[in-house]
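Step one of this worksheet: look at the structure below.
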């Protein structure tokens, strides 16, 4: 990913600043800016782990989730990034300040700012704050969620949006969608997305309500549009190319919890506003974009990266802090990995820095983070170990998530859906029930609401999850 990011030359724009003239506020020559929304605000999908760290720092195929969004923006020639956050903001700030993204030698033109909004509860409040700060000066900016992963460049999409805006200043935004079957492993079971577009890709209707058994739209749309297309086999990538006027809409609508549900409905159905929203649909087999919305999509995107569907965004492209070796059957090994006698590392597995696997072990479809120690005669399948975990001898793990510094004793059994947060320790001989969640944090009864049950099979994409409201 570092090689891919470096190809963007630190976010340097391909277009010049107007033959050396002064940059005008609101002009595209100001440089391309972007906002990353680093909080989901309404979701509790990754608790209890996100009690301790922000979702954006969860390791995704060996790298913090936020790195993928930053890489996408750099590769799309973004010069200035504002990361808007409220939950665990100091941790996110410390991480960004300590990473390669702040290295002026490699990214001399890139500026990254952390915008902390304590107590922010909605997307609307976050964007109203950005409007108040008045830091977005270019006519066009990128708005993306921090959980998006994509191997594309947004330059052509940005160019088309700018052209539309030049022809009609009521052009509000262009939203990115990706063709995907509704049962594909990167689709959330909570979502059931329909969109209607015309032959110019203008968005006529957007509906994402799984509780509705039918989909309908007013036939009066044919009074203004000769042809329309209805799309169901798509996912919303959480990436928007926006005109500057988008932020002003949140000056009074700061209570919006979802851009998609409330802003779209207000704009598309409004007889007062004459704004237009467009859809950009990725159709190519080599074009990848998705979001990490819950544990199902977390696993799905992880295995897409491992299986190289995201190429060239793959592990062996090697970021600054990683040096993965790619082997057959999609096995990735970082430096100083140790594997014991007669242990078998099967397909789709990541072994992080200095990970140790004991004798007579079997590991498949799993991510073993750095400095993890696996005992003898263990079996791990569909597991995600963040780092510094210790697993005793004769232990069986299947479909579990272990945060950092988790210790599991000898002869333990952890079945599908178990999630153990930071520092949890399990004694010898313990067998947990499926979907057990353990944390050292004080239990809050609200945490039980909206929690999903994590179960994932990388081969067929099966998963189980409870219903909940959608995430923006």
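Residue numbers (the numbering used here): -12 to 459. Note that the Cβ used here is the ideal one computed from N, Cα and C, for glycine as well.
1. Would you decide whether residue 320 is buried or exposed? Buried here means 16 or more other CB atoms lie within 10 Å of its CB.
2. Closest to residue 352 by C-alpha separation, out of 317, 374, 358, would be which residue?
3. Please go through the same chain and pick out, in chain order, the residues whose beta-carbon is closer than 8 Å to the beta-carbon of residue 363, but skip the five residues on each side of it.
4. In angstroms, rounded to a whole number, what distance separates the CA positions of residue 355 and residue 227?
5. Should residue 89 be labelled buried (16 or more other beta-carbon atoms within 10 Å of its own) or exposed?
6. Just how far apart, CA to CA, sit residue 373 and residue 303?
7. Going by beta carbon distance, what residues of the same chain come within less than 8 Å of residue 435, once the five residues before and after it are set aside?
8. Would you kindly work out how many angstroms separate the C-alpha atoms of residue 284 and residue 173, rounded to a whole number?
9. Rank 309, 312, 311, 275 by C-alpha distance to the C-alpha of residue 296 and give the top, closest one.
10. Grab me the residues of residue 270's own chain with a C-beta within less than 8 Å of its C-beta, minus the 5 sequence neighbours each way, in chain order.
11. Between which residues of its own chain and residue 310 is the CB-CB distance below 7 Å, once the five residues before and five after are set aside?
12. Alpha carbons only, please: which of 44, 126, 73 is nearest the one belonging to residue 156?
13. Of the choices 333, 371, 398, whose alpha-carbon is the least far from that of residue 365?
14. Do you know how far the Cα of residue 71 is from the Cα of residue 188?
15. Going by C-alpha to C-alpha distance, which of 194, 263, 215 sits closest to residue 186?
16. In three-state DSSP terms, what is residue 11?
17. Could you spell out where the alpha helix (DSSP H) holding residue 288 opens and where it closes?
18. Just verifying my parser: in three-state terms, what is the DSSP assignment at residue 461?
19. Using DSSP with H/G/I as helix, E/B as strand and the rest coil, what is residue 84?
20. In whole angstroms, give me the CA-to-CA distance for residue 46 and residue 206.
21. Give every residue of the same chain whose Cβ lies closer than 7 Å to the Cβ of residue 82, excluding the five residues on either side of it in the sequence, and list them in chain order.
22. Alpha carbon to alpha carbon, how far is residue 106 from residue 76? Give it in angstroms, no decimals.
23. Leaving out the 5 sequence neighbours to the left and right, which residues in its chain are closer than 7 Å to residue 108 when beta-carbon positions are compared?
24. Less than 8 Å separating the beta-carbons of residue 464 and residue 407?
25. Can you tell me which of the three DSSP states residue 119 falls into?
26. In its own chain, which residues sit with a C-beta less than 6 Å from the C-beta of residue 343, not counting the 5 before and 5 after it?
27. Thinking C-alpha only, which one of 73, 40, 24 is nearest residue 56?
28. Tell me the DSSP bridge mates of residue 267?
29. Counting C-beta neighbours from all protein chains within 10 Å, is the total for residue 238 16 or more, i.e. buried, or is it exposed?
30. Helix, strand or coil for residue 468 per DSSP?
31. Just grab the DSSP bridge partners of residue 319 for me.
32. Residue 272 to residue 139, Cα distance in whole Å?
33. Who are the Cβ neighbours of residue 289 in its own chain at under 8 Å, not counting the five residues just before and after it?
34. Once the 5 residues before and after residue 415 are set aside, which same chain residues still bring their CB inside 8 Å of it?
35. Assign residue 38 to buried or exposed, taking buried as 16 or more other Cβ atoms, counted over all protein chains shown, within 10 Å of its Cβ.
36. Pick helix, strand or coil for residue 34, following the three-state DSSP scheme.
According to the structure data:
1. buried
2. For residue 352, the closest alpha carbon among the candidates 317, 374, 358 is that of 317.
3. Apart from sequence neighbours up to five positions away, the residues of its chain that approach residue 363 with a beta-carbon distance below 8 Å are 327, 345, 346, 347, 348, 380, 381, ordered along the chain.
4. Computed Cα separation, rounded: 34 Å.
5. exposed
6. 19 Å
7. Low local confidence applies: a pLDDT of 45 at residue 435 is under 50, so the model's placement there is unreliable, and no value is given.
8. 5 Å
9. 275
10. 166
11. 321, 322
12. Nearest option by C-alpha distance: 126.
13. 398
14. 30 Å
15. 215
16. Reliability fails at residue 11, whose pLDDT of 42 lies under 50, so the model's placement of it is uncertain and the value that follows must be treated cautiously. Looking at residue 11 - three-state DSSP - the assignment turns out to be coil, as it is neither helix nor strand.
17. Residue 288: member of the alpha helix (DSSP H) spanning 282 to 293, first to last residue.
18. In the structure as shown, the chain starts at -12 and stops at 459, and residue 461 therefore has no counterpart that could be examined.
19. helix
20. 46 Å
21. 44, 51
22. Here the C-alpha atom of residue 76 lies approximately 11 Å from the C-alpha atom of residue 106.
23. 28
24. For the chain, the structure presents residues -12 to 459; residue 464 sits outside this window and is missing.
25. helix
26. 325, 360
27. 24
28. Note: residue 267 sits in a beta bridge opposite 163.
29. exposed
30. The question about residue 468 has no answer, for the chain in this structure spans -12 to 459.
31. 313, 337
32. 12 Å
33. 47, 48, 354, 371
34. Excluding sequence positions up to five before and after residue 415, its CB lies within less than 8 Å of the CB of 379, 396, 397, 398, 399, all in the same chain and listed in chain order.
35. With 16 or more other Cβ atoms from the protein chains shown falling within 10 Å of its own Cβ, residue 38 counts as buried.
36. Coil.
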